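Okay, structure first, notes after.
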Ligand SMILES: NC(=O)c1ccc[n+]([C@@H]2O[C@H](COP(=O)([O-])OP(=O)(O)OC[C@H]3O[C@@H](n4cnc5c(N)ncnc54)[C@H](O)[C@@H]3O)[C@@H](O)[C@H]2O)c1
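In my numbering, the protein residues as written are 2 to 323.
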């Protein structure tokens with residue numbers, strides 16, 4: 002019998018992945034057990050949550066007082082999703098370091114002495130990123146590829162992975178880091194996000210609207226739908242910890258697709274007229290950062306039970322589910 006899952010904490014709960022995760026936790030529970038208390042952390046919330054199991058704690062995870070309030074009474078699992086995105090972290094080094102690195106360490110250190118309903122160390126799932134690999138990728142990326150972050154965001158996420166492994170070794174938590182690829186399809190225009198075109202392709206073509214993308218048709222990206230990403234986060238929090246590797250870190254499996262392959266699948270789903278809606282105006286920097294990905298092999302992650310979307314048709318189907 003697995004331990005009953007009572008109290009789950011989600012940081013960055015108002016974000017794109019966070020909102021999808023919260024919906025799933027409330028609907029399905031975790032590890033086959035219902036969630037009885039869900040504490041959400043984010044800088045602010047649009048509205049009070051309707052579910053009485055939810056407690057919203059607005060504020061910064063950089064504040065020790067907020068973290069202590071979140072952990073009060075014991076915790077069964079923490080999903081740490083809050084972060085400052087790469088571009089913003091590069092512009093404001095101090096803020097990036099404070100949230101992406103220091104607050105991650107704070108969340109881990111504050112778990113000392115915090116226990117689950119069964120008296121065990123809480124599960125801790127950390128959203129890392131493929132940005133840990135940097136821009137000089139080898140011809141193939143495998144689970145043995147050494148990361149070489151090209152941005153402070155990736156460097157701090159990589160450091161976070163090591164901190165999760167160290168905190169697990171010390172028995173403060175039972176941690177697991179997952180490196181997320183480009184998660185689709187984020188609603189809205191994604192203003193200011195260089196990778197916005199990845200999600201906009203789905204929404205615009207579904208609506209029959211034209212779009213110019215800053216990459217070539219042959220550009221290759223690593224993709225995962227938000228429901229499949231959430232499946233993997235939930236799995237990482239409930240899989241037998243004895244099965245986790247000593248690094249406590251996994252690359253999420255991905256579908257590797259050209260932009261043209263995705264457009265073709267969207268045309269099959271929404272109508273052949275969609276093909277003509279996409280114009281290609283490659284920008285070298287964006288092409289290099291988001292559309293130049295080599296093959297990725299993740300046998301260790303697949304053996305643990307982590308999954309990609311299976312087919313491009315399923316990626317399209319799942320990406321726009323809410
Ligand atoms: N979406 C992707 O494609 C992708 C890819 C790789 C990695 N990731 C990682 O996955 C996680 C979730 O991604 P997302 O797309 O939902 O990100 P998001 O930007 O939509 O959400 C992050 C949330 O963190 C919150 N946050 C920021 N600073 C905070 C603070 N000081 N205190 C509390 N909350 C704070 C933000 O308000 C936001 O709601 C992030 O850690 C991100 O780095 C995402």
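The C-beta atom is built at its ideal place from N, Cα and C for all residues, glycine as well. Since we're looking at a predicted model, the values are computed, not measured.
Do residue i and residue j have their CB atoms nearer than 7 Å?
{"i": "residue 320", "j": "residue 231", "result": "no"}
{"i": "residue 83", "j": "residue 189", "result": "no"}
{"i": "residue 142", "j": "residue 295", "result": "yes"}
{"i": "residue 239", "j": "residue 316", "result": "no"}
{"i": "residue 161", "j": "residue 135", "result": "no"}
{"i": "residue 254", "j": "residue 170", "result": "no"}
{"i": "residue 236", "j": "residue 306", "result": "yes"}
{"i": "residue 313", "j": "residue 269", "result": "no"}
{"i": "residue 36", "j": "residue 45", "result": "no"}
{"i": "residue 101", "j": "residue 157", "result": "yes"}
{"i": "residue 113", "j": "residue 173", "result": "yes"}
Using three-state DSSP, classify residue i as helix, strand or coil.
{"i": "residue 90", "result": "helix"}
{"i": "residue 306", "result": "coil"}
{"i": "residue 182", "result": "coil"}
{"i": "residue 174", "result": "coil"}
{"i": "residue 39", "result": "strand"}
{"i": "residue 100", "result": "helix"}
{"i": "residue 76", "result": "coil"}
{"i": "residue 322", "result": "coil"}
{"i": "residue 15", "result": "coil"}
{"i": "residue 8", "result": "strand"}
{"i": "residue 46", "result": "coil"}
{"i": "residue 294", "result": "coil"}
{"i": "residue 211", "result": "coil"}
{"i": "residue 2", "result": "Low confidence applies here, because residue 2 scores a pLDDT of 48, under 50, leaving its location unreliable; read the following figure in that light. Residue 2 falls in the coil class under three-state DSSP."}
{"i": "residue 21", "result": "helix"}
{"i": "residue 142", "result": "strand"}
{"i": "residue 254", "result": "coil"}
{"i": "residue 216", "result": "coil"}
{"i": "residue 85", "result": "coil"}
{"i": "residue 117", "result": "coil"}
{"i": "residue 56", "result": "strand"}
{"i": "residue 31", "result": "strand"}
{"i": "residue 248", "result": "coil"}
{"i": "residue 234", "result": "helix"}
{"i": "residue 225", "result": "strand"}
{"i": "residue 261", "result": "helix"}
Suppose you measure from the CA of residue i to the CA of residue j; what does that come to, to the nearest Å?
{"i": "residue 168", "j": "residue 310", "result": "31 Å"}
{"i": "residue 221", "j": "residue 234", "result": "25 Å"}
{"i": "residue 217", "j": "residue 298", "result": "24 Å"}
{"i": "residue 33", "j": "residue 140", "result": "40 Å"}
{"i": "residue 23", "j": "residue 11", "result": "8 Å"}
{"i": "residue 154", "j": "residue 90", "result": "6 Å"}
{"i": "residue 148", "j": "residue 198", "result": "25 Å"}
{"i": "residue 69", "j": "residue 159", "result": "25 Å"}
{"i": "residue 259", "j": "residue 109", "result": "38 Å"}
{"i": "residue 2", "j": "residue 241", "result": "Low confidence applies here, because residue 2 scores a pLDDT of 48, under 50, leaving its location unreliable; read the following figure in that light. Residue 2 and residue 241: Cα-Cα distance of roughly 12 Å."}
{"i": "residue 27", "j": "residue 8", "result": "11 Å"}
{"i": "residue 271", "j": "residue 211", "result": "13 Å"}
{"i": "residue 187", "j": "residue 201", "result": "8 Å"}
{"i": "residue 291", "j": "residue 122", "result": "37 Å"}
{"i": "residue 62", "j": "residue 21", "result": "20 Å"}
{"i": "residue 124", "j": "residue 282", "result": "44 Å"}
{"i": "residue 65", "j": "residue 243", "result": "31 Å"}
{"i": "residue 293", "j": "residue 73", "result": "45 Å"}
{"i": "residue 86", "j": "residue 25", "result": "24 Å"}
{"i": "residue 322", "j": "residue 19", "result": "15 Å"}
{"i": "residue 279", "j": "residue 67", "result": "45 Å"}
{"i": "residue 193", "j": "residue 16", "result": "16 Å"}
(request) Would you check if there are 3 or more beta carbon pairs closer than 8 Å linking the region 111 to 129 to the region 167 to 183? (result) Contact between the region 111 to 129 and the region 167 to 183 is present, because at least three Cβ pairs lie under 8 Å.
(request) Taking 8 Å as the threshold, find out whether the region 47 to 59 comes into contact with the region 88 to 108 through three or more Cβ pairs. (result) no
(message) Contact between the region 157 to 166 and the region 249 to 267 is defined here as three or more beta-carbon pairs at a separation below 8 Å; is this criterion met?
(response) yes
(request) Mind the definition here: the region 108 to 124 touches the region 76 to 92 only if three or more C-beta pairs lie below 8 Å; say whether that holds. (result) Touching, per the Cβ criterion.
(message) Count Cβ pairs between the region 27 to 44 and the region 55 to 63 that sit closer than 8 Å; are there 3 or more?
(response) yes
(message) Is it the case that the region 200 to 215 contacts the region 282 to 302, given that we only count it when at least three CB pairs across the two stretches are under 8 Å?
(response) yes
(message) Measuring CB atoms only, is the region 262 to 277 touching the region 190 to 207, in the sense that at least three cross pairs come out at less than 8 Å?
(response) Yes, the region 262 to 277 is in contact with the region 190 to 207.
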